[in-house]
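S.K.: Let me begin by handing over the structure; questions about it come next.
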Amino acid sequence: MDKIRILIVEDESLVARDIENMAVSQGYEVCGLASSGDQAIEMAAEFQPDLILMDITIKGSLDGTSAAEKIWDSYRIPIVYVTSSADEHTLKRAKITEAFGYILKPFDERELKIAIEMAYYKARMGAKLREREEWLSALLKSIADGVIATDKSGHITFMNPLAERLTGWHQDEALRQPLRDIFRTVISRDGDEPEIVLWAKNGKKFSIEETDMPMSDGRHDSSGHVLVFRDISARRSAEKELRESWEKLNEALKGTIQAMALTIEIRDPYTAGHQRRVSKLSCAIAQDLGMSEFQVEGLRVAGDIHDIGKIYVPAEILSKPGQITAIEYGIIKTHPQVGYDILKTIKFPWPVAQIVLQHHERLDGSGYPLGLVGDLIFKEARILTVADIVEAMSSHRPYRPAQGIEKALAEVVQNRGRFYDAEAVDACVKLFQESRFQFTEEVRA
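Residue numbers (our numbering): 1 to 445.
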């Protein structure tokens with residue numbers, strides 16, 4: 001470790017030599033002896049010592065405190081005052097000049113060493129603290145968020161440039177002002193969600209996000225707060241545009257789906273409204289099972305067009321009043337695959353094509369077209385299957401009269417867990433038993 005380099009400022013040469021000898025004997029390096037304040041300033045500039053031992057009452061045009069003040073302001077060299085006595089005025093001045101210690105004449109080597117080591121340690125810690133403060137200040141000034149710091153009474157102690165720009169206040173105007181007078185916000189509820197709006201000094205408004213973090217001192221007491229905030233106006237605007245675009249797209253999608261559903265119902269008047277009723281029951285079951293709004297909406301879309309593949313089935317088969325043949329049944333069984341082929345190229349946000357493909361599958365693998373079993377079948381498809389069976393059995397068909405809701409529910413209960421999803425069956429039965437759902441006649445759109 002390098003020796004601590006010391007400049008001694010003492011106008012009595014014998015005393016200066018004694019201090020020098022004691023310092024050297026304790027392992028310090030004395031880089032110079034100055035006998036006046038002016039000479040001390042010159043030697044401080046030339047040698048840049050680690051520490052200065054300064055006689056407070058040094059003779060000359062500059063006393064010790066005046067010389068120390070100039071040296072500290074120019075070079076930030078720590079100073080330990082050496083004195084035998086001093087008047088109260090001189091001591092007050094000495095306190096103002098950032099003294100790092102005092103040592104009273106006469107003193108021995110041990111006292112000198114303690115004074116030097118304590119002052120040097122204090123100076124090093126102070127330098128590290130200043131470096132960290134400068135680093136932190138530079139960081140806060142360059143950060144992409146607004147930053148405001150306050151003391152424990154809520155008065156501003158720091159603002160970075162972005163905070164100045166967003167609030168419209170310069171730091172020199174805002175310092176020591178109450179935060180509430182500079183950082184003025186309101187909660188706006190104009191949109192779907194409440195948002196924080198910052199009112200700048202010039203009347204401009206910004207949508208912001210903010211985080212308020214308390215600062216504590218070493219005793220865990222509050223010493224102030226740091227407020228970090230960012231302008232999200234552009235993001236809010238983009239979100240609004242995206243939401244509006246999505247709503248328009250969703251409306252267009254609904255129109256397309258309704259047109260698809262109507263196409264099937266025109267060709268098969270006996271099942272008019274079937275898809276919509278199945279869709280509504282499917283959504284009610286899904287909601288009862290606690291599925292998300294997103295999943296329920298996907299199930300609604302799939303339910304509205306789950307029989308779209310019947311567009312491939314000849315109308316005379318769909319409306320045939322008598323028993324259909326095995327060949328005709330084989331043609332009807334192609335409608336899930338045809339529906340999938342029609343829908344698979346449409347980029348729905350839900351697995352609509354897969355749900356349509358699987359709505360005639362059965363848990364035991366006896367369904368069609370793929371013979372899937374258990375969890376290989378989408379949950380939405382399993383729900384749609386239950387709703388489809390219940391609605392179909394409850395409604396009139398060209399080859400048979402309506403069998404009624406009781407018989408339809410008995411069918412799904414009897415085959416619960418075998419053909420049909422147990423949770424979907426239980427939810428469906430509960431909806432009807434508790435009169436929370438019923439099929440109603442609908443007017444075709």
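No residue lacks a Cβ here, since even glycine has one placed at the ideal position from N, Cα and C.
Quick one: give me the first and last residue of the alpha helix (DSSP H) that MET215 is part of.
M.R.: Reading the sequence shown from its first residue, position 215 is the one you call residue 215. Careful: MET215 lies outside any alpha helix (DSSP H), inside the beta strand (DSSP E) at 205 to 216.
S.K.: Which residue wins for smallest C-alpha separation from ILE266, given the options LEU299, GLN295, PRO314?
M.R.: Numbered from 1 along the sequence shown, position 266 holds the residue referred to as residue 266. ILE266 has its Cα closest to that of PRO314, out of LEU299, GLN295, PRO314.
S.K.: Check ASP268 in the structure and name its three-state DSSP category.
M.R.: Taking the first residue of the sequence shown as 1, we reach residue 268 at position 268. Coil, per DSSP.
S.K.: Just to confirm my understanding: we take PRO106, look at its own chain, exclude 5 residues before and 5 after, and list those with CB closer than 6 Å. What are they?
M.R.: In the sequence shown, residue 106 corresponds to position 106, counting from 1. If we look at PRO106 and ignore the five residues flanking it on each side, it has no Cβ neighbours.
S.K.: Measure the alpha-carbon distance for GLU46 versus ARG176 and round it to whole angstroms.
M.R.: The residue labelled residue 46 in the question sits at position 46 within the sequence shown. The residue labelled residue 176 in the question sits at position 176 within the sequence shown. Taking the straight line joining both Cα atoms gives about 40 Å.
S.K.: Going by Cα to Cα distance, which pick from ASP426, LEU242, ASP108, SER222 is closest to SER153?
M.R.: As a first step, residue 153 must be located in the sequence shown, where it is residue number 153. Of the candidates ASP426, LEU242, ASP108, SER222, the one whose C-alpha sits nearest the C-alpha of SER153 is SER222.
S.K.: Spatial neighbours of ILE200 within its chain, please: CB distance less than 6 Å, with the 5 preceding and 5 following residues excluded, ordered by chain position.
M.R.: By one-based count along the sequence shown, residue 200 stands at place 200. Residue identity differs from the one stated: residue 200 is Ala in this sequence, not Ile. These residues qualify, in order along the chain: THR167, GLY168.
S.K.: Considering GLU46, what are the terminal residues of the alpha helix (DSSP H) in which it resides?
M.R.: As a first step, residue 46 must be located in the sequence shown, where it is residue number 46. Unbroken alpha helix (DSSP H) run through GLU46: 37 to 47.
S.K.: Taking Cβ positions, are VAL80 and PHE100 nearer each other than 8 Å?
M.R.: Residue 80 sits at position 80 when you count from the first residue of the sequence shown. Residue 100 sits at position 100 when you count from the first residue of the sequence shown. Yes, these two residues count as a Cβ contact at 8 Å.
S.K.: Whole-angstrom Cβ separation of GLN358 and LEU343, contact assumed at under 8 Å?
M.R.: Taking the first residue of the sequence shown as position 1, residue 358 is located at position 358. Taking the first residue of the sequence shown as position 1, residue 343 is located at position 343. With a Cβ gap of about 12 Å, GLN358 and LEU343 do not count as contacting.
S.K.: Go ahead and pull the three-state DSSP assignment for ARG444.
M.R.: Residue mapping note: residue 444 aligns to position 444 of the sequence shown, counting from 1. Model confidence at ARG444 stands at a pLDDT of 37, short of 50, so the residue's coordinates are unreliable and nothing is read from them.
S.K.: Shortest alpha-carbon distance to ARG184 belongs to which of LEU431, ASP55, SER207?
M.R.: Locating residue 184 in the sequence shown gives position 184, counting from the first residue. For the residues LEU431, ASP55, SER207, the minimum Cα distance to ARG184 belongs to SER207.
S.K.: If ASP421 sits next to ARG382, beta carbons under 8 Å apart, how far is it from one beta carbon to the other, in whole angstroms?
M.R.: Against the sequence shown, residue 421 aligns to sequence position 421. Against the sequence shown, residue 382 aligns to sequence position 382. ASP421 to ARG382, Cβ: 4 Å. Contact.
S.K.: Drop a sphere of 10 angstroms on the beta-carbon of ASP172, count the other beta-carbons inside from all chains shown, and report buried for 16 or more, exposed for fewer.
M.R.: Residue numbering aside, residue 172 sits at position 172 when the sequence shown is read from its first letter. So ASP172 counts as exposed.
S.K.: Can the beta-carbon of SER394 be found less than 8 Å from the beta-carbon of PHE439?
M.R.: Numbered from its first residue, the sequence shown carries residue 394 at position 394. Numbered from its first residue, the sequence shown carries residue 439 at position 439. Pairing SER394 with PHE439 gives a Cβ-Cβ distance under 8 Å.
S.K.: Would you list the residues sitting across from ARG416 in a DSSP beta bridge?
M.R.: Within the sequence shown, numbered from 1, the residue matching residue 416 stands at position 416. BP columns for ARG416 point to TYR420.
S.K.: Would you identify the three-state DSSP class for PRO336, choosing helix, strand or coil?
M.R.: Locating residue 336 in the sequence shown gives position 336, where the first residue counts as 1. If DSSP states are grouped into helix, strand and coil, PRO336 belongs with the helices.
S.K.: What's the gap between the Cα of ARG236 and the Cα of VAL197?
M.R.: As a working mapping, residue 236 is identified with position 236 in the sequence shown. As a working mapping, residue 197 is identified with position 197 in the sequence shown. Cα-Cα distance, rounded: 11 Å.
S.K.: Whose C-alpha, out of ALA16, GLU20, GLU423, is nearest the C-alpha of ARG5?
M.R.: Counting from one through the sequence shown, the residue named residue 5 turns up at place 5. Cα-wise, what sits closest to ARG5 is GLU20.
S.K.: Consider the C-beta atom of ILE56 and the heavy atoms of the ligand SAM; say whether any pair is separated by less than 7 Å.
M.R.: Annotation note on the ligand SAM: not contained in the displayed structure, which lists no ligands.
S.K.: With DSSP run on the structure shown, which of helix, strand or coil describes PHE158?
M.R.: As a working note, residue 158 is residue 158 in the sequence shown. Three-state result, PHE158: strand.
S.K.: Does the segment 423 to 436 come within contact of the segment 375 to 390, defined as at least 3 CB pairs closer than 8 Å?
M.R.: Contact between the segment 423 to 436 and the segment 375 to 390 is present: three or more C-beta pairs spanning the two stretches fall below 8 Å.
S.K.: Under 7 Å Cβ to Cβ from GLU111, same chain only, skipping five residues before and after it: list those, please.
M.R.: Numbered from 1 along the sequence shown, position 111 holds the residue referred to as residue 111. So the list reads ILE103, once near-sequence residues are dropped.
S.K.: Have a look at VAL228, HIS335, MET125, LEU431 and flag the residue whose alpha-carbon is nearest the alpha-carbon of LEU162.
M.R.: For the purposes of this step, residue 162 is taken as the residue at position 162 of the sequence shown. LEU162 has its Cα closest to that of VAL228, out of VAL228, HIS335, MET125, LEU431.
S.K.: Using the C-alpha atoms, what's the distance from SER292 back to ILE311?
M.R.: Taking the first residue of the sequence shown as position 1, residue 311 is located at position 311. Taking the first residue of the sequence shown as position 1, residue 292 is located at position 292. Near 31 Å, if we compare the C-alpha coordinates of SER292 and ILE311.
S.K.: Per DSSP, what kind of secondary structure is SER222 in: helix, strand or coil?
M.R.: Working through the sequence shown from its first residue, we reach residue 222 at position 222. Residue state, collapsed to three classes: strand.
S.K.: Sort LEU33, VAL24, LEU7 by Cα distance to LEU14 and report the nearest one.
M.R.: As a working mapping, residue 14 is identified with position 14 in the sequence shown. Taking only the C-alpha atoms, the option nearest LEU14 is LEU33.
S.K.: ALA387 and SER282 - do their beta-carbons sit closer together than 8 Å?
M.R.: If you number the sequence shown from 1, residue 282 lands on position 282. If you number the sequence shown from 1, residue 387 lands on position 387. For SER282 and ALA387, yes; Cβs fall inside 8 Å.
S.K.: Just to confirm my understanding: we take ILE285, look at its own chain, exclude 5 residues before and 5 after, and list those with CB closer than 6 Å. What are they?
M.R.: The count along the sequence shown starts at 1 and reaches residue 285 at position 285. ILE383, ALA424, ALA427, CYS428.
S.K.: In the DSSP assignment, what are the bridge partners of ILE232?
M.R.: As a first step, residue 232 must be located in the sequence shown, where it is residue number 232. When beta bridges are read from the DSSP output, ILE232 appears opposite no residue.
S.K.: Using the rule of at least 16 other Cβ atoms within 10 Å of the residue's Cβ for burial, across every protein chain shown, is ILE41 buried or exposed?
M.R.: Within the sequence shown, numbered from 1, the residue matching residue 41 stands at position 41. So ILE41 counts as buried.
S.K.: Measuring only between beta-carbons, confirm whether GLU117 sits less than 8 Å from chain E.
M.R.: Checking the listed chains, one finds no chain E in this structure; it contains a single protein chain.
S.K.: For a test of the three-state rule: what should DSSP assign to GLU316, helix, strand or coil?
M.R.: Locating residue 316 in the sequence shown gives position 316, counting from the first residue. Reduced to three states, the DSSP call for GLU316 is helix.
S.K.: Can you name the residues that DSSP bridges to ARG165?
M.R.: Stepping through the sequence shown from its first residue, residue 165 is reached at position 165. The partner list for ARG165 (beta bridge, DSSP) is empty, contrary to what the question assumes.
S.K.: Under DSSP, the alpha helix (DSSP H) around THR83 begins and ends at which residues?
M.R.: Numbered from its first residue, the sequence shown carries residue 83 at position 83. Taken as a continuous stretch (DSSP letters only), THR83 belongs to no alpha helix (DSSP H), being part of the beta strand (DSSP E) at 79 to 83.
S.K.: For ALA115, I'd like the list of residues in its chain whose CB is within less than 6 Å of its CB, leaving aside the five on either flank, ordered along the chain.
M.R.: Here residue 115 refers to the residue found at position 115 when the sequence shown is read from its first residue. So the qualifying residues of the chain are VAL80, GLY101, ILE103.
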